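Our numbering applies: residue 2 is where the sequence shown begins, and numbers increase by one. Positions of the beta carbon are idealized from the N, C-alpha and C atoms, including for glycine. Predicted model, so just to flag it, every value in this text is computed and none were measured.
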Amino acid sequence: MLLQGKVAIITGASRGIGKGIAEKFIAEGATVIFTYASSEEKARALEAELAAKGGKAKGYKSDASNFEAAHALIDEVVKEFGTVDILVNNAGITRDNLLMRMTEEQWDEIMDVNLKSVFNLTKAVIKPMLKARSGSIINMSSVVGVKGNAGQANYAASKAGIIGFTKSVAAELGSRNIRCNAIAPGFIETEMTGALDEKVVQQWRDAIPLKRGGSAEDVANATLFLASDMSAYVTGQTLHVCGGMLM
Ligand code: NAP
């Protein structure tokens, strides 16, 4: 029970990696607050699944890219659950296109949902964390943010931005015992990657030293480490969870 008595907020947990993190955190004793953009049914099903495991869980439809909505969410959670100990900024989308064809809208949407969301939630959550003089913030970046990728200039820029933001927050808030780290997943098999051609996917698996795509649980285990006191002396870091794809 590494998170016994802790209150955790996970953005974008109706499916994929976020859902895996919610399941892991509940199993470790946390109260889990999660958000989603539109997957109403999946969110209600996850709430029920987490409650059935004996944990306290609540899902909120809340657009992470909206500054006011992020602040309203944190206020509501603090009112109902007392504080926020852990924030996982996981919500993210892709709008892939070659730069030649990329629209301004595709650029802006990615920046808002992937990067501005991290600013919104982190800014809102530092108030209760400063009051408690403790907290762990974990931001979902990507190996693409470290090495770049053709067809993903917008996504790569947003994920690289997350790493710079993470290091800056770690430097600003370390003296208050608030830690901030990033995770850079490689190829994790979720709905986000499910739309890809199976032949291409197999080529990717073959090129990874561990010879498989990652699972949501692989990322959830790393997130648990960074959320818990097991990583009490770790801040400002980017943990690659990529089967050795990027060394
Ligand atoms: P996913 O399966 O597509 O799930 C995305 C989640 O984000 C959903 O719960 C979605 O809610 C939510 N979401 C989207 N826009 C939102 C918004 N504006 N406000 C609140 N929630 C929002 O994605 P995933 O593969 O699990 O990826 C999770 C994170 O890991 C993302 O940041 C992604 O960039 C990163 N990542 C993934 C991979 C990979 O290989 N899968 C690799 C590296 C990094 P709805 O269900 O309501 O739409």
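Contacts around residue i, its chain only, beta-carbon distance under 8 Å, and the 5 residues preceding and following it disregarded
{"i": "A183", "result": "I139, N140, M141, S142, I163, I164, T167, Q238, T239, L240"}
{"i": "N178", "result": "R134, S135, G136"}
{"i": "V144", "result": "A185, P186, G187, H241, C243, M246, L247"}
Beta-carbon proximity list for residue i, same chain, < 6 Å, skipping 5 on both sides
{"i": "I94", "result": "V114"}
{"i": "K54", "result": "I27"}
{"i": "S232", "result": "F226"}
{"i": "L174", "result": "none"}
{"i": "A171", "result": "C181, T236, G237"}
Residue i, enclosing alpha helix (DSSP H) - first and last residue
{"i": "M112", "result": "Neither: M112 is in no alpha helix (DSSP H) and is coded neither H nor E."}
{"i": "M130", "result": "118-133"}
{"i": "N222", "result": "217-228"}
{"i": "I10", "result": "That residue, I10, is in no alpha helix (DSSP H); its beta strand (DSSP E) goes 8-11."}
Limits of the unbroken beta strand (DSSP E) element including residue i
{"i": "G60", "result": "58-62"}
{"i": "S137", "result": "136-141"}
{"i": "F35", "result": "32-37"}
{"i": "V242", "result": "239-242"}
Residues near residue i in its chain [Cβ-Cβ closer than 7 Å; skip 5 each side]
{"i": "K80", "result": "none"}
{"i": "P210", "result": "G244, G245"}
{"i": "M193", "result": "G17, T95"}
Inter-residue CB distance, residue i and residue j (contact presumed, cutoff 8 Å)
{"i": "I34", "j": "F82", "result": "7 Å"}
heavy atom of the ligand SAM below 6 Å from residue i C-beta
{"i": "M112", "result": "For the structure depicted, the ligand SAM is absent and the ligand set comprises only the ligand NAP."}
> Is it a yes or a no for the segment 4-20 touching the segment 35-52, going by three-plus beta-carbon pairs under 8 Å?
Replying inline: yes
> If we count Cβ pairs, one from each stretch, closer than 8 Å, do we get three or more for the segment 104-122 versus the segment 148-161?
Replying inline: yes
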